[in-house]
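Residue numbers (the working numbering): -15 to 303.
Just so it is clear, CB atoms sit at the ideal spot from N, CA and C, and this is done for glycine as well.
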């Protein structure tokens, strides 16, 4: 196994989105994450890479899975990890995001992980603090570590990303996961299809780099990967379709629909799943599903990103 000193330097201070990252940047992070998978599968998972450094997880939206993944990643690297309890913080008393950022900055953290309901919140925070910032999801904008863990899962199964056909299906309008994945997959040379009703498709999907298909059978035909998305009913996505029953009938993934894809097609879902809404249980738990593996890759990717951002070999003023 390579030591961290043998890995290429990731010459960026923050990870705010996939936009702006190039092919070598993404390869560097995926290679680092591959190494982190090996660490996570050992009996002794503890490393001292970030010993003495402080990580603050600042989640303005509830997310058990992502927050736990970042917390575990930081602890495996030896960081002091603090989860900011936003529900009982000064934010609820009227403090602005900038005020919160300045308060936290005065505590000299080394890395801030932020999830926020507003697009651009992570970028705003990054301009106000002296430490590295990771975007753990901002509104319907981006969720870069989810895209990286999806890419890592695909690459470990298929051996590559270039030349693959990936169908992203469902509520793309409200999905930051879809946006980050479309950018990453295009950068890495994959062919991306966006499958769903026009009411759940953002304007300019073709300019984003995805072919739009309205019918599931057309969209996933001969696909190497089918990535299902959650119908985000908390963002009123249910109002964009006639009914949940009709939605599943036309856009849910079941065995007859999956038969249109390649026989070795991977089935993915960023979770949490709505079984019977966007995916049938027989598929979610079936042999082509790598949904649980995505969770494992999430910890590895977050370890890799934090290691890369806090690499002591970086110049003093990284980009």
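For residue i, which residues of its own chain have a beta-carbon under 7 Å away from its beta-carbon, when the five flanking residues on both sides are left out?
i, result
"residue 61", "31, 33, 34, 287, 290 and 291"
"residue 146", "172, 173 and 174"
"residue 263", "212, 236, 237, 253 and 257"
"residue 130", "161, 164 and 254"
"residue 114", "89"
"residue 55", "41, 65 and 67"
"residue 185", "156, 157, 178 and 196"
"residue 108", "81"
"residue 294", "34, 37, 94, 95 and 116"
"residue 51", "41, 43 and 67"
"residue 59", "65"
Give the DSSP bridge partners of residue i, in chain order.
i, result
"residue 85", "Partner(s): none; residue 85 has no beta bridge."
"residue 185", "According to DSSP, residue 185 bridges with nothing at all."
"residue 126", "122"
"residue 252", "211"
"residue 179", "153 and 197"
"residue 64", "38"
"residue 116", "95"
"residue 263", "237 and 259"
"residue 43", "99"
"residue -1", "118"
"residue 164", "According to DSSP, residue 164 bridges with nothing at all."
"residue 159", "Looking at the DSSP assignment, residue 159 forms no beta bridge with any residue, so it has no partner."
"residue 273", "251"
Here's the rule: buried if 16 or more other CB atoms are within 10 angstroms of the residue's CB, otherwise exposed. What is residue i?
i, result
"residue 203", "buried"
"residue 4", "exposed"
"residue 6", "exposed"
"residue 183", "exposed"
"residue 92", "exposed"
"residue 134", "buried"
"residue 27", "exposed"
"residue 188", "exposed"
"residue 79", "exposed"
"residue 128", "buried"
"residue -2", "buried"
"residue 225", "buried"
"residue 180", "buried"
"residue 23", "buried"
"residue 87", "exposed"
"residue 16", "buried"
"residue 230", "exposed"
"residue 299", "exposed"
"residue 245", "buried"
"residue 110", "buried"
Nearest chain C C-beta to residue i closer than 8 Å, yes or no?
i, result
"residue -2", "Absent here is chain C; the protein component of the structure consists of one chain."
Hey, residue i and residue j are a contact pair by Cβ (cut 8 Å); roughly how many whole angstroms apart?
i, j, result
"residue 44", "residue 104", "No, residue 44 and residue 104 are not in contact; Cβ-Cβ is about 13 Å, not under 8 Å."
"residue 14", "residue 157", "No, residue 14 and residue 157 are not in contact; Cβ-Cβ is about 28 Å, not under 8 Å."
"residue 148", "residue 208", "4 Å"
"residue 193", "residue 166", "5 Å"
"residue 251", "residue 265", "That pair is no contact at about 12 Å."
"residue 215", "residue 154", "6 Å"
"residue 39", "residue 63", "5 Å"
"residue 2", "residue 136", "That belief does not hold up - the Cβ atoms of residue 2 and residue 136 are roughly 13 Å apart, past 8 Å."
"residue 0", "residue 85", "Rounded, the Cβ-Cβ distance is 14 Å, inconsistent with contact."
"residue 159", "residue 124", "7 Å"
"residue 239", "residue 275", "Their Cβ separation, rounded to whole angstroms, is 16 Å, which puts residue 239 and residue 275 out of contact at 8 Å."
"residue 210", "residue 249", "6 Å"
Got a sec? Which residues, its chain only, sit under 6 Å from residue i by beta carbon, not counting five neighbours each side?
i, result
"residue 57", "283, 286 and 287"
"residue 97", "41, 54, 118 and 120"
"residue 150", "169, 174, 176 and 209"
"residue 277", "137"
"residue 228", "261"
"residue 281", "133, 136 and 137"
Taking 7 Å as the line, does the beta carbon of residue i fall inside it for any heavy atom of the ligand ATP?
i, result
"residue 23", "Of the ligands one can find in the structure shown there are none, so the ligand ATP has no counterpart to examine."
Here's a check: name, in chain order, each residue in its chain whose Cβ is nearer than 8 Å to the Cβ of residue i, leaving out the five neighbours to either side.
i, result
"residue 70", "42, 43, 44 and 76"
"residue 279", "49, 53 and 255"
"residue 47", "99, 120 and 121"
"residue 241", "200, 201 and 204"
"residue 112", "82, 85, 86 and 89"
"residue 9", "-6 and -4"
"residue 29", "23 and 60"
Is it the case that the segment 102 to 121 contacts the segment 136 to 152, given that we only count it when at least three CB pairs across the two stretches are under 8 Å? no
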